[in-house]
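Residue numbers (the numbering used here): 5 to 300.
The beta-carbon is built from N, C-alpha and C at its ideal position, and this holds for glycine as well.
Please read these numbers as outputs of a predicted model, since none were measured by experiment.
First comes the structure, then the notes that go with it.
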Ligand SMILES: [Fe+2]
Ligand SMILES: [Fe+2]
């Protein structure tokens, strides 16, 4: 009973916006940030392509993408992401949850743009996303909504209720449950990541659901913070590890201690191990010294 799960996040495929796209005030601000302040150079096609090749080489049983496929939720960005990921999506069971950049402006939500391109891999089952494979159940949340200035998230009450109900299902006992959400629940020191500008402002409500759940997740997977880290959600009788591989599309900038990351979890019946891979100039390689040893 072993399953290898590959986790990538925050790939941020980007294309230039059209004049019509810039009618959104949020996107005008975002475009200035990308093109005038240089944020677009934080992510490169070279690394994004190497990531897809690496996933093909790994041949995992399952892929989880924890959001921020795009920069500004443009039609052309989702089309590019879908095209680039095709070699993976076509052959490996994959679950994709949205990130805040995938619902960047109200037009993207109104037109259900992500669902249009990635619907079959979003695995909606009511308010949650859910994918069952072997002894593993992956559950996905969507705390994202367009914001004009901040980039915070809120898990809607209906999703918290659905998660509470799902984690109480008798059938889930004995399965390895993986919870996926774009936003971190805790920071690298274990404190709630619930700040107004960038955080999950009702992170405590999510922790409360986990605290009272008969079946706790084996791990929580997330992104959003582009520098990867491991966190710990401390419950009264156990700890739940959280994993952020770091942006999987990050430009290679070793002098800034910046490199794209991705993780592979080997899930046994009641334990798991972690491998982390970093882009090292030409391809993704195992992180020297073991997962998170380099501090990148
Ligand atoms: Fe991101
Ligand atoms: Fe994000």
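- Item | Nearest residue (CA-CA) to residue 124, options 86, 105, 202, 259 | 86
- Query: Taking 7 Å as the cut-off, is the CB of residue 379 close to at least one heavy atom of ligand 1?
  - Reply: This structure cannot settle anything about residue 379, because the visible part of the chain is limited to 5 through 300.
- Message: Looking at ligand 2, does it come within less than 7 Å of residue 104, judged from the CB to the closest heavy atom?
- Response: yes
- Task: May I ask you to report which of helix, strand or coil DSSP gives residue 168?
- Result: helix
- Item | residue 287, DSSP secondary structure in three states | coil
- Message: Considering only heavy atoms of ligand 2, does any lie closer than 7 Å to the CB of residue 248?
- Response: no
- Which residue's Cα is closest to the Cα of residue 103: 90, 97, 96, 119? 119
- Query: To the nearest angstrom, how far is it from the Cα of residue 166 to the Cα of residue 285?
  - Reply: 43 Å
- Can you tell me the Cα-Cα spacing of residue 144 and residue 132, whole angstroms? 6 Å
- Query: So which of 77, 14, 7 has the shortest CA-CA distance to residue 32?
  - Reply: 77
- Measure the alpha-carbon distance for residue 34 versus residue 42 and round it to whole angstroms. 11 Å
- Excluding five sequence neighbours on each side, which residues of the same chain lie with their C-beta closer than 7 Å to the C-beta of residue 270? 6, 8, 276, 277
- Query: CA-CA distance, residue 200 and residue 268?
  - Reply: 31 Å
- Spell out a yes or no on whether the stretch 58-66 and the stretch 8-17 are touching, meaning 3 or more CB-CB pairs, one atom from each, closer than 8 Å. yes
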